[in-house]
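*Asks:* Protein chains in written order, with our numbering: chain H, 71 to 230; chain R, 782 to 970. Take a look at the following structure, please.
Here it is, written out as structure tokens:
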């Protein structure tokens with residue numbers, strides 16, 4: 071066989087295998103129905119005009135040495151918006167889900183809403199801007215704090 | 782294919798059907814990114830959900846709505862990385878040093894119906910992690926663009942074509958060694 075022909079044959083065979091692999095993987099590992107359903111339902115979370123606080127620090131990414139081993143310590147997140155910032159400490163309590171300790175900066179009393187994979191939790195930040203929320207299910211979550219004078223901070227969705 | 786930036790515009794204006802159109806167009810891409818990062822189905826589901834929630838937030842502020850697929854691929858890659866770090870708190874190594882094969886958890890073994898499927902799957906599972914990740918992206922339906930794959934895997938776009946050829950050649954050699962060849966047709970040679 072001509073070497074060029076053989077090379078082309080081999081390339082064709084690779085392409086045919088890719089076609090077979092596509093059929094195989096799309097049958098064995100399709101997007102699960104509930105995942106696609108969740109993607110469509112994500113749209114109902116749309117809030118127009120919300121000014122999102124930017125995630126400026128995530129110890130999981132920025133300080134990986136803090137998290138070498140499970141249980142090494144809580145994950146630390148910082149969100150910033152023009153008037154308020156929010157520090158979050160996320161602890162993994164195993165079967166009891168995640169515990170969130172929040173600190174508003176500057177410290178202010180506020181009403182706090184946490185939306186997470188398991189639902190919605192409302193609480194209050196005390197006069198020093200502190201709050202604690204427990205029992206969060208792992209997965210996407212966001213936090214909104216509304217201060218009495220109208221200032222608010224709303225985080226982007228973040229996997230906790 | 783519907784114009785992607787038109788779908789983004791309509792979804793930003795409040796059209797759930799347009800949003801569903803975006804999901805239909807890109808959900809296989811986003812799922813493939815999470816799975817190419819060797820996440821379990823449960824972790825992959827969280828990554829995918831977070832990625833779509835992020836897009837909901839950003840519909841109004843995408844720099845280039847036509848490239849929303851690349852935006853989704855980038856976001857899913859970053860979220861996959863975080864999920865790996867979370868899971869990896871038991872495995873003290875950065876993700877690029879974890880020599881684990883593609884995560885086959887959740888792959889329904891019963892669906893590897895024929896001998897030929899099993900042989901092909903074995904050939905695939907025996908590839909190095911980079912090739913597995915690239916091929917996992919390439920078989921998503923619809924097939925992602927090279928730009929989307931480049932964002933998904935954080936590889937230069939110019940490397941995708943050559944790597945694709947190299948990985949397909951490796952797959953061919955492994956498949957042949959496993960008794961799969963074109964001549965063998967649907968049976969094992």
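Each residue gets a CB set at the ideal place from its N, CA and C atoms; glycine is no exception.
(1) If the criterion is Cβ atoms closer than 9 Å, does the pair residue 146 of chain H and residue 127 of chain H meet it?
(2) Just curious, the beta strand (DSSP E) that residue 204 of chain H is in, first and last residue?
(3) Where does residue 794 of chain R land, buried or exposed, given buried means 16+ other C-beta within 10 angstroms?
(4) Are there three or more Cβ pairs, one per stretch, closer than 8 Å when the segment 801-818 of chain R is compared with the segment 835-850 of chain R?
(5) How should residue 824 of chain R be labelled, buried or exposed, when 16 other C-beta atoms within 10 angstroms of its C-beta is the threshold for buried?
(6) Report back the beta-carbon spacing between residue 159 of chain H and residue 148 of chain H to the nearest angstrom; my notes put them in contact at under 8 Å.
(7) When you compare each of H:192, H:215 and H:216 to residue 205 of chain H by their alpha carbons, which one comes out closest?
(8) Got a sec: does the ligand HEM put a non-hydrogen atom nearer than 8 Å to the Cβ of residue 787 of chain R?
(9) Within 10 angstroms of its Cβ, does residue 914 of chain R collect 16 or more other Cβ (buried), or is it exposed?
(10) Any C-beta of chain R sitting closer than 9 Å to the C-beta of residue 87 of chain H?
(11) Tell me where the alpha helix (DSSP H) around residue 903 of chain R begins and ends.
(12) From what residue to what residue does the beta strand (DSSP E) around residue 210 of chain H run?
(13) Can you look up residue 169 of chain H in the DSSP assignment and give me helix, strand or coil?
(14) Is it true that the CB of residue 816 of chain R sits closer than 9 Å to the CB of residue 917 of chain R?
(15) Is it right to say residue 861 of chain R is buried, meaning 16 or more other beta carbons lie within 10 angstroms of its own, or is it exposed?
(16) Apart from the five residues on each side of it in sequence, which residues of its chain come closer than 7 Å, Cβ to Cβ, to residue 800 of chain R?
(17) Just verifying my parser: in three-state terms, what is the DSSP assignment at residue 117 of chain H?
(18) Less than 9 Å between CB atoms is the rule here; does residue 785 of chain R satisfy it with respect to chain H?
*Replies:* By the coordinates alone:
(1) yes
(2) 200-206
(3) exposed
(4) yes
(5) With 16 or more other Cβ atoms within 10 Å, it is buried.
(6) With 8 Å as the limit, residue 159 of chain H and residue 148 of chain H do not qualify as a contact, their Cβ atoms being about 10 Å apart.
(7) The residue with the shortest Cα to Cα distance from residue 205 of chain H is H:192.
(8) By its list of ligands, the structure shown contains no ligand whatsoever, and the ligand HEM lies outside what it can speak to.
(9) buried
(10) yes
(11) 896-906
(12) 210-217
(13) strand
(14) yes
(15) buried
(16) Cβ-Cβ distances below 7 Å link residue 800 of chain R to 792 in the same chain, with the five nearest sequence neighbours on each side left out; the list follows chain order.
(17) coil
(18) no
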